[in-house]
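Right, one structure below, let's go through it.
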Amino acid sequence: MEKIPMTVRGEQQLRQELDALMKRRPQITEAIAEARELGDLKENAEYHAAREEQGICEAQIRDIEYKLSVAQVIDVTKMTNHGKVIFGSTVTLLDVNTDGEVTYCIVGDDEADIKKGLISVNSPIARGLIGKQEGDEVSIATPGGRKEFEIEKVEYV
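Now the structure itself:
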């Protein structure tokens with residue numbers, strides 16, 4: 171089984187989501203029992219809705235449990251910062267063409283949210299940054315065209 175990198179924050183979010191789903195389980199079971207008491211199951215919409223909700227909940231629980239079982243949790247706060255871009259690091263970049271500054275944190279696929287500045291380790295930008303040093307200039311092919319960046323700061327936070 172191949173391990174999938176995940177940040178500490180990502181693992182915590184998955185565990186919270188799993189906990190919420192586990193707390194919902196008994197409520198769904200109770201809803202099924204109440205709907206079953208209403209009579210004929212063939213035409214009982216409440217029963218079918220509760221069973222469908224149960225199926226979705228169980229599938230989400232299995233999915234999260236699998237992700238946690240194959241996760242390799244990486245805590246960059248416990249590593250010595252040598253200015254090198256690695257998984258979990260927060261990178262401040264200067265767009266050479268526009269002089270615009272942008273900050274990204276390199277995270278696992280499930281944690282990625284570009285609006286929050288969290289980019290997947292498998293994204294073109296992250297792949298172009300991994301292994302580079304603070305002060306390096308990088309040219310990265312993105313779906314929107316080639317981008318030129320200077321790595322201003324690398325933080326392990």
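Just so you know, we're using this note's numbering here: the sequence shown kicks off at 171 and counts up by one.
Glycine residues also receive a C-beta, built at the ideal position from the N, C-alpha and C atoms.
Since we're looking at a predicted model, the values are computed, not measured.
Reduced DSSP secondary structure (H/G/I, E/B, other) of residue i
| i | result |
| --- | --- |
| lysine 234 | The sequence given here places isoleucine at residue 234; lysine does not occur at that position. Residue state, collapsed to three classes: helix. |
| isoleucine 256 | coil |
| proline 313 | coil |
| leucine 264 | strand |
| isoleucine 295 | helix |
| isoleucine 226 | helix |
| lysine 248 | helix |
| glutamate 172 | coil |
| phenylalanine 322 | In the sequence on display, residue 322 carries glutamate and not phenylalanine. Strand at glutamate 322. |
Residue range of the beta strand (DSSP E) that includes residue i
| i | result |
| --- | --- |
| valine 243 | 241-244 |
| leucine 288 | 288-290 |
| isoleucine 276 | 271-277 |
Cβ pair residue i, residue j closer than 8 Å
| i | j | result |
| --- | --- | --- |
| isoleucine 321 | glycine 301 | no |
| valine 277 | serine 290 | yes |
| threonine 262 | lysine 323 | yes |
| methionine 171 | valine 255 | no |
| glutamate 187 | isoleucine 234 | yes |
| glycine 253 | glutamine 303 | yes |
| glutamine 242 | leucine 191 | no |
Status (buried if at least 16 other CB within 10 Å, exposed otherwise) for residue i
| i | result |
| --- | --- |
| threonine 177 | buried |
| proline 175 | buried |
| glycine 314 | exposed |
| isoleucine 295 | buried |
| lysine 285 | exposed |
| leucine 208 | exposed |
| leucine 299 | buried |
| leucine 184 | buried |
Rounded distance between the beta-carbons of residue j and residue i, thought under 8 Å
| i | j | result |
| --- | --- | --- |
| aspartate 280 | lysine 237 | 6 Å |
| threonine 260 | threonine 273 | 6 Å |
| isoleucine 202 | alanine 215 | That pair is no contact at about 13 Å. |
| cysteine 227 | arginine 206 | About 18 Å; that fails the 8 Å criterion. |
| glutamate 223 | isoleucine 198 | 6 Å |
| glutamate 325 | asparagine 267 | Wrong, their Cβ atoms sit about 24 Å apart, outside the cutoff. |
Residue i: first and last residue of the uninterrupted alpha helix (DSSP H) it sits in
| i | result |
| --- | --- |
| proline 196 | 178-206 |
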